[in-house]
Every structure is written in C-alpha cells, then in structure tokens.
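Comments concern the structure below.
Protein chains: 2
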Amino acid sequence: MDLKSYLKQRQLLINKALGRYLPSTARFPGAIHKAMRYSVLGEGKRIRPILALAACEAVGGKVSSVLPAACALEIIHAYSLVHDDLPAMDDDDFRRGKPSCHKKFGEAIGVLTGDALLTFSFELLASGSHNGASSVHLQVIREIAKAIGTDGMIGGQVVDVDAARRGGVPPATMEYINTRKTGALISASVRIGALLGGVSPKAYQSIRHYGDRIGLVFQFVDDLLDKDGAVRLYGVEAVRRKANRLTESAIAALAPFGKKAEPLRALAQFILTRDF
Amino acid sequence: MDLKSYLKQRQLLINKALGRYLPSTARFPGAIHKAMRYSVLGEGKRIRPILALAACEAVGGKVSSVLPAACALEIIHAYSLVHDDLPAMDDDDFRRGKPSCHKKFGEAIGVLTGDALLTFSFELLASGSHNGASSVHLQVIREIAKAIGTDGMIGGQVVDVDAARRGGVPPATMEYINTRKTGALISASVRIGALLGGVSPKAYQSIRHYGDRIGLVFQFVDDLLDKDGAVRLYGVEAVRRKANRLTESAIAALAPFGKKAEPLRALAQFILTRDF
C-alpha cells in the first residue's frame, strides 16, 4: 500500500474533523477557544487518531463510529504538550516551530488551555453514543482515563521529572517510564479503535498485543532519536534490536485480520523507521 | 431537620468514600498519589457531593448509585483549587490552613496533581455503571464536562482573569462570571444526583430549576463574603435581596418532592446564610 498518500488523506480527514469539533473562536470567551485551536490545529502527524481509525477498520468497523474518539486522542496529546511546555515543567518556548501556548497567550492561559483541552476531550468521548452501545463508550472512557492517569502518561511524567532531578535511574524505573510516558496513549489508541469498531473478545486480544508492542516501539524510537532513556541504559544497538523484535511480534499478531489490517502493518513499520 | 448533624454525617460518609476511591500512597508512583490525597482529603465542606446525594434521595434514588459521581465532583473541585493556586494563576501559598499543593510538593507536581485529579474524576464517573443504565452515566459525563469546560467553570475563570487585568467589567460580563465560575458546578451537582437517582423527565425540570437558582446564590454569597464581584456592581443590599429571592424560588421548585426534599430545602437555606 502507498503509506504516504494514506497518511496524507487521513491527516486531512482528521484535521477537518478537529476543526469542526473544537469550539469556534467566535464563541465566547474567544481567548480560550483561540488558544485551544492554536494548540491542536496546524502541524502534527496525527499518529494516535490514525491508529484508532486503522484499528477500527481492521476489525470491520466504520470510520464514522470512531472519528470523535480519534479526535479526542489528538486533543489529549495536545493538552499533554501544552502542560509539558510550561515553565514549571520542561519550560519550552517553541513547539512545532511556533511559540508554545504559554509563550503566545501567557502562563495563566497556558494552564487553562491544557485543562480545557483535557475536559473537552472527555465531552467528545461521551457524545455521539448514537453510533454505538453506551457501555462500549463508557469502557472507552475508562481505558483512556487509565492510559493518561497516574498509572499511565501522568505516572510516566512524574517518574521522569524525578529521574531528571536525580540524574539517573535503575533499569526497572526506565522500563516504567518507557511503557507509561508515551506508550500508554499509543497502545490505548489502538484498543479504542477496535472497541468502537465492534471487535470480538478474541480479536481484541490480538489487537491488544499489537497495541502494546507498538506503544513500546514508539517510545524506543523516541529514545533512539533523542539518544536518551533506554539508549543511555542499553546502547543504540540493543534498543534497535528490541524495537525490531517488538515490531515483528506486533505484526505477527495481526494475522487473523488479513488484508483489512494492511494499514496497521504499514503503520507499525512507519513507527519503527520514522525520523521525527 | 437537624442540618448540623446531617452535614456531619454526610461529610463522614463522603470522606470515607474519597479515601477509598483515591489511589493509595503505597501505589507507585507514590509522590503523585500523596499529592492527590493531600489536596482532596482533610478539610472541606463537601457541598457539591452533599447536594448530589440529597438530589438523588429527593427523587427516590439510592445513595450507593450516586456516591462515586458525588466523589468525582469533590475531586474536580479540588483540581480547580490546585490549579487556581499556581503562581501563574492566583499565586496562593495557603489553602484551607495548609500550604497549597505546589508550595508543598513543587510547581511541576502542582500542575500534574491537578491534571491527575481531573483525569481520575472521569475514570470514577465512567466506572460503577453496574448500578445503572450506561446511557445515563454518559449523560452525566457530558453534563459535568460542559459544566467545567469553556462554557462553564474554565470559561468563568478565563473571563475573571481578564477582568482582573482590566480592573473592571460591564454588568453582562459580571453576570457571565457569576453563573459560570462557581455556579455551574454547583448546579451540575444537583442535576447529576437527580439523573443517577433515576429522575423522571418532568421532575428533572423542577430539580434543574432548583439547581440553577442555588448555583447563582452560591456565587452571590461568595461575592457578599469577599465584598467583590456582583457586590461591587450592585451593592450589598441589592445582592442580598437577589439571593433571598432566588433561594425562595429554588425552594418553591421542590414542592412536588414533598418530605423527601427536606435536605435540599435546608441546604438552600444553608448556602444562603453561610459565613465561610
């Protein structure tokens, strides 16, 4: 398959949907809606929503039934970046080539924009239930809340903040950061796409296996690109070998889905070989 | 009814439930769970969860079916206080007689604790659906997300931050801040209790009327105590008259519920006459 044009087409679809779902700047109070749109729209690979859409289609579901949740994943990702960039956190003045949210709108709006994006993502996740069973939507909300909570993304950040202060961590702690900080939301994106696509319990196990593996690969590649984390601990070669093995295992788990999982296979390779 | 002992008994019930629901400090990473418990447990009137429980009982529902959501309301309230206290926002060193979260644990943990509390509240709202219809739980999540989003609590804060910077606002803007900043979550607490108590569509209109009115009264009394907001604009006497009239109208809306609404009536009087 032509991954490049597939990605481009999906990014367009997701960007259009994000623009439609996010509150308009014409709505009062405009300042916060402007900051929300600034932080979500524009540049962005949209990996999380693309994974959710692909997982939904792999299990035979329709794109329309997962699009709001897929956009919620991207909005959650944006919230985490806005708060990460704050002076009290990583203190980054730039994000994707533009001034970071708090640099552009001030620190108070930076805090409130992250809060507003996180809140809005749950509003989005709880709407559109006409497309599926309410109990599945509740399960999706639980899965996401766990993936970004203190045993997921926030947990990874807390331990990472602490590790940076100490200047080094034991391998077990590194493993914890690896699976939680970025991997948890990536894996959850895959699971959520499958759940909203109406996956069977048996197929869900396979999809889950794929999601867990590529979540880890995503974080390992981050570390390879930053020469940080696992790379400092195990060295470039060992991390590359681990990432290769995990990608093979992820792709092997997709066998039951046949041709419908072609995008998920290509995405696994893409995540392994990306250079951004 | 003896409101004082009613409040005390309900506070005990809610504090016990909060202690049970919130992640234990023994769970890794302990630092964030410690900061979460520090920010929620201890002092606190628990007005929002008490209103939710009372509204549930007024419509004939059971306390057990609303307890997790009631605790989520208190956790959301705590998140808003933790982020409000940050240096970029109100810059408060103390909260309820103790060092504020960021003073105690550092600013990075302050940001992350607010995020973690907000995230956890949605996890709590999405669980326990065995006690009721999933579609009602989804409706509750939507109601809460709206009440604390950019057309609710966050919207009120954004406009308030802007008003403080300008040093004055027109009456319409004051009205906006009044209904959103504190009132929206108070009103939502009442609606949510009724929804989870299995309220009929007709009774819901009455309960909603009550909730909207006491949400406004709550904010007016805040302004009377702080000599701020509406008081600066209309004067003490006019605000007191408005608050009295709204309380009467709120209580009048409870007529269809008879004796079961006794706590809601007493709570309306309590909110009007409180001195904290």
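Keeping their order, the protein sequence lines are chains L and W. Numbering of the first sequence is given in my numbering, commencing with residue 1030 and proceeding in unit increments. Numbering of the second sequence is given in my numbering, commencing with residue 1030 and proceeding in unit increments. Each residue gets a CB set at the ideal place from its N, CA and C atoms; glycine is no exception.
{"Asked": "Under 9 Å, CB to CB, which of the residues in the region 1049–1060 of chain L have a partner in chain W?", "Found": "Pro1052, Arg1056, Phe1057, Pro1058, Ala1060"}
{"Asked": "Can you say whether W/Thr1302 is buried or exposed, counting buried as having 16 or more other CB atoms within 10 angstroms of its CB?", "Found": "exposed"}
{"Asked": "If you draw a straight line from the C-alpha of W/Gln1040 to the C-alpha of W/Ile1173, how long is it?", "Found": "22 Å"}
{"Asked": "Going by the DSSP bridge assignment, what does W/Lys1127 pair with across the sheet?", "Found": "W/Arg1124"}
{"Asked": "Mind checking which residues open and close the alpha helix (DSSP H) that includes W/Asp1252?", "Found": "1230–1255"}
{"Asked": "I think L/Gly1184 touches W/Ile1061, with their Cβ atoms under 8 Å apart; what is that distance to the nearest whole Å?", "Found": "7 Å"}
{"Asked": "I'd like the list of long-range same chain contacts for W/Lys1133, defined as Cβ closer than 7 Å, with 5 residues on each side in sequence excluded.", "Found": "Tyr1067"}
{"Asked": "For the region 1146–1179 of chain L, list every residue whose C-beta sits within 7 Å of some C-beta in chain W, in sequence order.", "Found": "Leu1147, Thr1148, Phe1149, Phe1151, Glu1152, Ala1155, Ser1156, Ser1158, Ser1163, Ser1164, His1166, Leu1167, Ile1170, Arg1171, Ala1174, Lys1175, Ile1177, Gly1178, Thr1179"}
{"Asked": "For L/Lys1033, report the span of its alpha helix (DSSP H) as first-last.", "Found": "1032–1050"}
{"Asked": "Would the beta-carbon of L/Leu1153 fall within 8 Å of that of L/Val1169?", "Found": "no"}
{"Asked": "Considering only their Cβ atoms, is the gap separating W/Gly1181 from W/Arg1209 smaller than 8 Å?", "Found": "yes"}
{"Asked": "Can you pull the chain L residues whose beta carbon is under 9 Å from the beta carbon of W/Val1140, in chain order?", "Found": "His1112, Leu1115, Ala1117, Met1118, Val1140, Gly1143"}
{"Asked": "Can you tell me whether L/Val1265 is buried or exposed, with buried defined as 16 or more other CB within 10 angstroms of its CB?", "Found": "exposed"}
{"Asked": "If distances are taken between C-alpha atoms only, which option among W/Pro1199, W/Gly1071, W/Ser1218, W/Asn1044 comes closest to W/Gly1126?", "Found": "W/Gly1071"}
{"Asked": "Look at the Cβ atom of L/Leu1141, then the Cβ atom of W/Val1140, and state whether they are nearer than 8 Å.", "Found": "no"}
{"Asked": "So which residues on chain W does L/Val1190 lean against when the C-beta distance must stay under 7 Å?", "Found": "Ala1137"}
{"Asked": "Would L/Ala1055 be called buried (16 or more neighbouring beta carbons within 10 Å of its own) or exposed?", "Found": "exposed"}
{"Asked": "Specify whether the region 1100–1118 of chain W and the region 1246–1253 of chain W touch according to this definition: at least 3 beta carbon pairs, one from each stretch, less than 8 Å apart.", "Found": "no"}
{"Asked": "Spatial neighbours of W/Arg1237 within its chain, please: CB distance less than 7 Å, with the 5 preceding and 5 following residues excluded, ordered by chain position.", "Found": "Arg1220"}
{"Asked": "Mind checking which residues open and close the alpha helix (DSSP H) that includes L/Thr1302?", "Found": "1291–1302"}
{"Asked": "Quick one: complete alpha helix (DSSP H) runs, 4+ long, within the region 1084–1170 of chain L?", "Found": "1096–1113, 1130–1134, 1136–1155"}
{"Asked": "Would you tell me roughly how many angstroms separate the C-alpha atoms of W/Ala1217 and L/His1166, rounded to the nearest one?", "Found": "21 Å"}
{"Asked": "Would you please verify whether the beta carbon of L/His1020 is less than 8 Å from any beta carbon of chain W?", "Found": "Nothing can be reported for residue 1020 of chain L, as the shown portion of chain L is limited to 1030 through 1305."}
{"Asked": "Keeping to the same chain, check which residues put their C-beta closer than 6 Å to that of W/Ser1150; ignore five residues upstream and five downstream.", "Found": "Ala1101, Ile1104, Ile1105"}
{"Asked": "Could you check what DSSP says for L/Val1190 in three-state terms: helix, strand or coil?", "Found": "helix"}
{"Asked": "Starting from L/Gly1212, trace the alpha helix (DSSP H) in both directions and tell me its first and last residue.", "Found": "1212–1225"}
{"Asked": "Would you mind sorting W/Glu1277 into buried or exposed? The rule is 16 or more other CB atoms within 10 Å of its CB.", "Found": "exposed"}
{"Asked": "Excluding the five sequence neighbours on either side, which residues of its own chain have a C-beta within less than 6 Å of the C-beta of W/Arg1274, listed in chain order?", "Found": "none"}
{"Asked": "Tell me the rounded alpha-carbon separation between L/Gly1059 and L/Ser1053.", "Found": "8 Å"}
{"Asked": "For W/Ala1259, report the span of its alpha helix (DSSP H) as first-last.", "Found": "1259–1263"}
{"Asked": "What distance in whole Å lies between the Cβ atoms of L/Ala1272 and L/Phe1249, which are believed to be in contact at a cut-off of 8 Å?", "Found": "4 Å"}
{"Asked": "Is L/Val1187 close to chain W? Criterion is C-beta to C-beta, closer than 8 Å.", "Found": "yes"}
{"Asked": "Quick one: does L/His1062 have its CB under 8 Å from some CB of chain W?", "Found": "yes"}
{"Asked": "May I ask you to report which of helix, strand or coil DSSP gives W/Leu1080?", "Found": "helix"}
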